[in-house]
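Chemist: Take a look at the following structure, please.
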Amino acid sequence: MMVNIDPHWSDPTSSWWAKAHRAGMHVESLRRQVDAFRSANPYSLTPEPTDETDRLAYRLRFDQHVPVAVSTTVGDILSNLRAALESVAFEVAKRGHGGTLTREQEEASTFPIKATPDKFDAFFTGRRAALYDDRARRAFRQVQPFAHDEIVIQSGVPLDSSYEDRARWRPLYRLDRLWNIDKHRRLAIVAWWPDLIYWSSDGPSNRKMLPGDGTVADGSILFYIHGHDEGMGDKVSHEFNLVVRDDPSFNDGSGATTDVVKLMTSWHRHIVNTVFPHVFTIMSQP
Numbered sequence: 000m001m002v003n004i005d006p007h008w009s010d011p012t013s014s015w016w017a018k019a020h021r022a023g024m025h026v027e028s029l030r031r032q033v034d035a036f037r038s039a040n041p042y043s044l045t046p047e048p049t050d051e052t053d054r055l056a057y058r059l060r061f062d063q064h065v066p067v068a069v070s071t072t073v074g075d076i077l078s079n080l081r082a083a084l085e086s087v088a089f090e091v092a093k094r095g096h097g098g099t100l101t102r103e104q105e106e107a108s109t110f111p112i113k114a115t116p117d118k119f120d121a122f123f124t125g126r127r128a129a130l131y132d133d134r135a136r137r138a139f140r141q142v143q144p145f146a147h148d149e150i151v152i153q154s155g156v157p158l159d160s161s162y163e164d165r166a167r168w169r170p171l172y173r174l175d176r177l178w179n180i181d182k183h184r185r186l187a188i189v190a191w192w193p194d195l196i197y198w199s200s201d202g203p204s205n206r207k208m209l210p211g212d213g214t215v216a217d218g219s220i221l222f223y224i225h226g227h228d229e230g231m232g233d234k235v236s237h238e239f240n241l242v243v244r245d246d247p248s249f250n251d252g253s254g255a256t257t258d259v260v261k262l263m264t265s266w267h268r269h270i271v272n273t274v275f276p277h278v279f280t281i282m283s284q285p
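Read left to right, the sequence shown gives residues 0 to 285 (numbering that gives the first Met the number 0).
Here is the structure:
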């Protein structure tokens, strides 16, 4: 069945689109800030001799701290994206009650983001038991962190990890966790993390990279290089990302280490291009 989205959901003056648009503006501001910070060469990676023959230690130095404005802009993006979802949830509740809510119903309206089906079902109890009808619950369920995994399980295919473990890789779950940190506790921690390290050689390389001291901080030995390539010197090319260390999928660098600009851009697109269309399509059904 083909369903056209109700024009009401596409109104650019609505609170959800206004908030999503504002989030996009903050993403562009973040991009400019990070580009300017990178151009100032805020860190260095310098080779130093060691006690072992033909082995160099590459020491990391941070000459400038990440500007606090980067973290506050990340917070602005998170806040506006979460507010856009809250506005959608409020409107969904209104449309299910003839366009008018009591004060208690207004206070109970919120956009659920749950890691498991059981937690999602439990959300619709108490004051929310009658707030959202079946169509609204279907709309919300389609965009939950567990939605795809639930379909996989229902088709008879077992998952290799729990709903909770898989949720930490889902955009809405990660957004919600970071938003709560920014709203209730502190600014998100944004820090440099190595993304790509490489060197050139004239033919097969004689150099071998060895682990450093296991930290990524000012003064860390990031890695060692053993051996040398004739005539190539000790230069090593490197690319670093600015990562959000509070991201549930970061996991101290053993998980996602996506650059913060790319991360915020992808979350903005996910809400605008995936979450909104799914919810609006279901809510436009007769």
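Just so it is clear, CB atoms sit at the ideal spot from N, CA and C, and this is done for glycine as well.
The structure displayed is predicted, hence computed values, not measured ones.
By Cβ distance, which residues of its chain are closer than 8 Å to Pro66, with the 5 residues on each side in sequence left out?
Modeler: Within the sequence shown, the letter at position 67 stands for residue 66. So the list reads Gln32 and Phe36, once near-sequence residues are dropped.
Chemist: Less than 7 Å between C-beta atoms, sequence neighbours within five positions excluded: which residues of the same chain meet that for Glu85?
Modeler: Within the sequence shown, residue 85 is the residue found at index 86, counting from 1. Answer for Glu85: Thr109 and Phe110, listed in chain order.
Chemist: Following the continuous beta strand (DSSP E) through His64, name the residue where it begins and the one where it ends.
Modeler: Here residue 64 refers to the residue found at position 65 of the sequence shown. Careful: His64 lies outside any beta strand (DSSP E) and carries neither H nor E.
Chemist: By the DSSP assignment, the alpha helix (DSSP H) with Val278 in it spans what residues?
Modeler: Position 279 of the sequence shown, counting from 1, holds the residue named residue 278. It spans Phe275 to Met282 - the alpha helix (DSSP H) in which Val278 sits, taken as one unbroken run.
Chemist: For the stretch 198-218 against the stretch 177-189, are there 3 or more C-beta pairs whose distance is under 8 Å?
Modeler: No, the stretch 198-218 is not in contact with the stretch 177-189.
Chemist: With 16 other CB atoms within 10 Å as the buried threshold, where does Gln153 fall?
Modeler: Here the question's residue 153 lines up with position 154 in the sequence shown. With fewer than 16 Cβ atoms within 10 Å of its Cβ, Gln153 is classed as exposed.
Chemist: How many whole angstroms separate the CB atoms of Tyr172 and Ile112, which I take to be in contact at a CB cut-off of 8 Å?
Modeler: In the sequence shown, counting from the first residue as 1, residue 172 sits at position 173. In the sequence shown, counting from the first residue as 1, residue 112 sits at position 113. That belief holds up - the Cβ atoms of Tyr172 and Ile112 are roughly 6 Å apart, short of 8 Å.
Chemist: Please name the residue or residues paired with Trp191 in a DSSP beta bridge.
Modeler: Walking along the sequence shown from the start, residue 191 turns up at place 192. DSSP output for Trp191 lists Leu241 as bridge partner(s).
Chemist: State yes or no: is the beta carbon of Pro116 nearer than 9 Å to at least one beta carbon in chain C?
Modeler: Within the model displayed, chain C is absent; a lone protein chain is all it includes.
Chemist: Of all the options Phe145, Arg167 and His237, which has the alpha carbon lying nearest to the alpha carbon of Trp198?
Modeler: Here residue 198 corresponds to residue number 199 of the sequence shown, with the count starting at 1. The shortest C-alpha separation from Trp198 is found at His237.
Chemist: Between which two residues does the alpha helix (DSSP H) carrying Ile270 extend?
Modeler: Locating residue 270 in the sequence shown gives position 271, counting from the first residue. Counting along the chain, Ile270 falls outside any alpha helix (DSSP H), and DSSP gives it neither H nor E.
Chemist: Does the beta-carbon of His147 have 16 or more other beta-carbons within 10 angstroms, so that it is buried, or is it exposed?
Modeler: Taking the sequence shown and counting its residues from 1, one reaches residue 147 at position 148. It counts as exposed.
Chemist: Determine the DSSP secondary structure at Glu106, reduced to helix, strand or coil.
Modeler: The count along the sequence shown starts at 1 and reaches residue 106 at position 107. Glu106: helix per DSSP, three-state reduction.
Chemist: Using the C-alpha atoms, what's the distance from Ser248 back to Gly254?
Modeler: Position 255 of the sequence shown, counted from the start, is the residue given in the question as residue 254. Position 249 of the sequence shown, counted from the start, is the residue given in the question as residue 248. The alpha-carbon atoms of Gly254 and Ser248 are separated by roughly 5 Å.
Chemist: Using 8 Å as the Cβ pair cut-off and three pairs as the minimum, do the stretch 207-223 and the stretch 46-60 touch?
Modeler: The answer is yes - the stretch 46-60 touches the stretch 207-223, with three or more Cβ pairs under 8 Å.
Chemist: When the Cα of Ala88 is compared with those of Val278, Gln63, Arg102 and His267, which residue comes out closest?
Modeler: In the sequence shown, residue 88 corresponds to position 89, counting from 1. Cα-wise, what sits closest to Ala88 is Val278.
Chemist: Go to Ala149, then tell me how far its alpha helix (DSSP H) extends in each direction, as first and last residue.
Modeler: Your numbering for residue 149 matches position 150 in the sequence shown. According to the sequence as given, residue 149 is Glu; it is not Ala. It spans Ala146 to Gln153 - the alpha helix (DSSP H) in which Glu149 sits, taken as one unbroken run.
Chemist: Out of Asp117, Gln104 and Phe122, state which residue places its alpha-carbon closest to the alpha-carbon of Leu130.
Modeler: Reading the sequence shown from its first residue, position 131 is the one you call residue 130. For Leu130, the nearest C-alpha among the options comes from Gln104.
Chemist: The beta strand (DSSP E) that contains Tyr223, what's its start and end?
Modeler: Taking the first residue of the sequence shown as 1, we reach residue 223 at position 224. Where Tyr223 is concerned, the enclosing beta strand (DSSP E) stretches over Ile220 to His225.
Chemist: Are the beta-carbon atoms belonging to His13 and Val189 less than 9 Å from one another?
Modeler: Position 14 of the sequence shown holds residue 13. Position 190 of the sequence shown holds residue 189. The amino acid at residue 13 is misidentified as His; the sequence shows Ser. Cβ distance not < 9 Å, so Ser13 and Val189 don't count as in contact.
Chemist: Anyone know if the C-beta pair for Phe61 and Ala187 falls short of 9 Å?
Modeler: Here residue 61 corresponds to residue number 62 of the sequence shown, with the count starting at 1. Here residue 187 corresponds to residue number 188 of the sequence shown, with the count starting at 1. No, Cβ-Cβ distance for Phe61 and Ala187 is not below 9 Å.
Chemist: How big is the Cα-Cα spacing for Arg58 and Trp192?
Modeler: Position 59 of the sequence shown, counted from the start, is the residue given in the question as residue 58. Position 193 of the sequence shown, counted from the start, is the residue given in the question as residue 192. Arg58 and Trp192: Cα-Cα distance of roughly 14 Å.
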